[in-house]
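The next block holds one structure in the form of structure tokens; read it before the comments.
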Amino acid sequence: MDFANFFIQLLNSVQYGLLLFMLAAGLTLIFGIMGVVNLAHGSFYMLGAYLAWSLSAKTGSLVLAIVLGTALSVLFGLVLERILFRHFYHRDHLDQVLLTFGLIYIFEEMRSILWGDDVHGAPIPQLLSASIPLTDNLSYPVYRLFMSAVCVVLAIGLYFLISKTRLGMKIRAGAFNHGMTEALGINVKLIHAVVFALGVGLASIAGMIAAPISSVYPNMGSQVLIMCFVVVVIGGIGSVRGALISALLVGLVDTFGKVLLPSLAGMLVYMLMAAVLLWKPEGLFKQ
């Protein structure tokens with residue numbers, strides 16, 4: 029592998045890792061702060077992809093579709109939290125698993141009714157459709173750099189929200205001691221609603237920006253869900269920093285594994301997870 033090919037694969041691994049982080053961050057926030065095992069998290073990724081495809085077809089702009097889709101996804105998260113998830117915070121994890129597993133089938137049927145079962149493609153904006161030449165024969169798509177830039181901006185925004193704002197302080201307090209936080213007069217139910225909507229929004233944005241390069245197709249949420257849980261387990265359940273480092277590591281292993289060891293590519297990520305858990309059973313970072 030020459031330097032140009034190595035550099036392209038490195039960029040691909042970073043882009044894939046950042047996209048996984050967008051998914052894993054929402055999942056780790058929902059579980060780490062609210063204690064909810066959400067198996068339907070991949071469905072929010074699918075929701076974002078289908079919103080990007082349908083809204084861009086109606087508006088003629090993928091950027092506008094992402095803005096509108098994000099607003100709709102956050103609103104959907106608030107409604108879903110209010111009517112369903114709020115009643116399962118203090119229930120056993122088995123109840124939560126059964127609820128969210130059932131939601132996967134409900135969301136798939138709703139997707140089939142609303143958008144059908146065909147494979148679709150979201151258009152890449154004209155401004156981002158160019159490629160940057162690296163050699164005489166190799167170039168790198170600008171849209172993939174755009175995807176990485178969006179993920180980095182959102183990751184920085186998430187860090188400042190949780191670590192530097194008053195809302196973030198309340199979120200961390202509610203995760204650390206629910207009862208004491210509520211006794212201090214903080215509306216923990218509202219905090220949970222915001223966190224859940226934020227998790228849904230992050231997963232949906234990941235689906236929207238990935239739609240032009242991965243296509244939009246049935247059951248696409250189930251395929252990313254397993255990888256999302258792998259990232260959360262490796263990074264440490266409840267740790268956003270761990271999710272970021274783990275996602276980049278998984279992206280690196282998966283991308284270069286497919287290039288260098290294609291016969292073992294499907295196993296390498298899980299071998300990495302097993303090695304990390306043998307070394308640190310709680311993951312790379314504690315909550």
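Position 78, counted from 1, in the sequence shown is what our numbering calls 106; the numbers after and before it change by one each time, with no gaps. Ideal Cβ placement from N, Cα and C applies to all residues, glycine included. Note that the structure is a prediction, hence the values are computed from the model and not measured.
Boundaries of the beta strand (DSSP E) around P161: 159–161. For N215, the number of other beta carbons within 10 angstroms of its own is below 16, and it is reported as exposed. When secondary structure is reduced to three states using DSSP, P169 falls in the strand class. Per DSSP, Q251 is one residue of the alpha helix (DSSP H) stretching across 248–263. The shortest C-alpha to C-alpha distance from L112 to any of L122, L156, L131 is the one to L131. Within the same chain, A32 come within 6 Å of L166 by CB-CB distance, once the 5 residues on both sides are set aside. A direct Cα-Cα distance of roughly 16 Å separates L83 from Y245. The residues G196, in chain order, have a CB closer than 6 Å to that of L189 in the same chain once the five nearest residues on each side in sequence are set aside. DSSP places S291 outside any alpha helix (DSSP H), giving it a letter other than H or E.
If the five residues before and after V125 are omitted, its C-beta is found closer than 8 Å to the C-beta atoms of V65, L67, all from its own chain and listed in chain order. Closest in C-alpha terms to F224, from the list V102, A93, T87, comes V102.
In the structure shown, V180 falls within a helical segment according to DSSP collapsed to helix, strand and coil. By the Cβ neighbour-count rule, V304 is buried, with 16 or more other Cβ atoms within 10 Å of its own.
Look at the beta carbons and you see the stretch 68–80 not touching the stretch 266–279: under three pairs across the two are nearer than 8 Å. Going by DSSP, F113 is part of no alpha helix (DSSP H) at all; its letter is neither H nor E. The straight-line gap separating the alpha-carbon atoms of G311 and V260 is approximately 8 Å. In the DSSP annotation of this structure, the continuous segment of the alpha helix (DSSP H) that includes E136 starts and ends at 121–143. Approximately 38 Å separates the beta-carbon atoms of E136 and N205; this is outside 8 Å, ruling out the contact. Taken in chain order, the whole alpha helix (DSSP H) runs of length 4 or more contained in the stretch 191–257 are 194–204, 206–211, 216–242. Taking C-beta separations shorter than 6 Å and ignoring five residues to either side along the sequence, the partners of L55 in its chain run H69, C256, V260, following chain order. Contact between I94 and I233 is confirmed by a C-beta separation of about 7 Å, below the 8 Å threshold. Rounded to whole angstroms, the gap between the alpha carbons of H220 and C179 is 23 Å. Burial is judged here by how many other beta carbons sit within 10 angstroms of a residue's own beta carbon; T128 has at least 16 and is buried. Under DSSP, H148 forms a beta bridge with V244. Here the alpha carbon of I134 sits roughly 24 Å from the alpha carbon of A150.
Non-local beta-carbon contacts of P169 in its own chain, meaning distances under 6 Å to residues more than five positions away in sequence, involve S159 in chain order.
Around the beta carbon of I36, 16 or more other beta carbons lie within 10 angstroms, which makes this residue buried. Around the beta carbon of T209, 16 or more other beta carbons sit within 10 angstroms, so the residue counts as buried. The residue among A271, Y78, I61 with its C-alpha nearest the C-alpha of I141 is Y78.
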